[in-house]
Amino acid sequence: MAGTAIVVMALIALAFSVRLEERPFAAIRLPKPWVVGTAAFMLLSLPNIIETGCEMLGIPSMFMIDWPGFIINILTVGLLAALTWRWSQSRDWSASHTLSLAGGALLTRAWIAFLLVPFDEAMFYDELVQRTVFLLGVVMLLLLAAWKIRAEKKRYEAWV
């Protein structure tokens, strides 16, 4: 735990100390926001899909908590980070793209909660209700944020 805390603090310090040079926007083709959100959702869900698929097929999935699973997680998160960095270099990157990226990550965590096995069978229905409320809360939060972005965009376009 102490080692992890030290690494996290070092990475935070590094993030605030690195200064990037100003670059002109890249002339790249940017996908629509829903594609960005879907990419985030699928890439962040992939390790859990692999683990669940193995369990459904009767294949031991313990490798997902060892180095192979770690490597799969690093590769999927790294690919998403690389795609996000590339896409965000475009002049057309917008708040809608950022919301879609965050929404994909939030929805991933919300659906994965349903895979967790409760500790006590009597608590199963309570936990199912809690997870459903969490999922609905995430969806409502994303809808509210999308509505806010759309309203700000309309206000900006009317002003310009």
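In numbering that gives the first Met the number 0, the protein residues as written are 0 to 159.
A virtual CB, placed ideally from N, CA and C, is assigned to each residue, including glycine.
For the stretch 64-109, the continuous alpha helix (DSSP H) assignments of 4+ residues that do not extend past its boundaries occur at 66-87, in sequence order.
Approximately 5 Å separates the beta-carbon atoms of leucine 100 and alanine 39; this is inside 8 Å, confirming the contact.
In the three-state DSSP reduction, aspartate 125 falls in the helix class (H, G or I). The beta carbons of threonine 37 and glycine 136 sit no closer together than 9 Å. Within the same chain, and ignoring the five residues on either side of leucine 78 in sequence, the residues whose Cβ sits closer than 7 Å to its Cβ are Leu42.
Taking phenylalanine 15 as the centre and dropping the five residues before and after it, the same chain places no C-beta closer than 6 Å to its C-beta. Cα atoms of leucine 45 and valine 34: separation of roughly 16 Å, rounded to the nearest angstrom. Residue burial is scored here from C-beta neighbours: proline 32 has at least 16 other C-beta atoms within 10 angstroms and is therefore classed as buried.
If you ignore the 5 residues before and after leucine 82, its C-beta comes within less than 7 Å of the C-beta of Ala38, all in its own chain and listed in chain order.
For the 9 Å CB-CB criterion, tryptophan 86 and isoleucine 48 do not form a contact.
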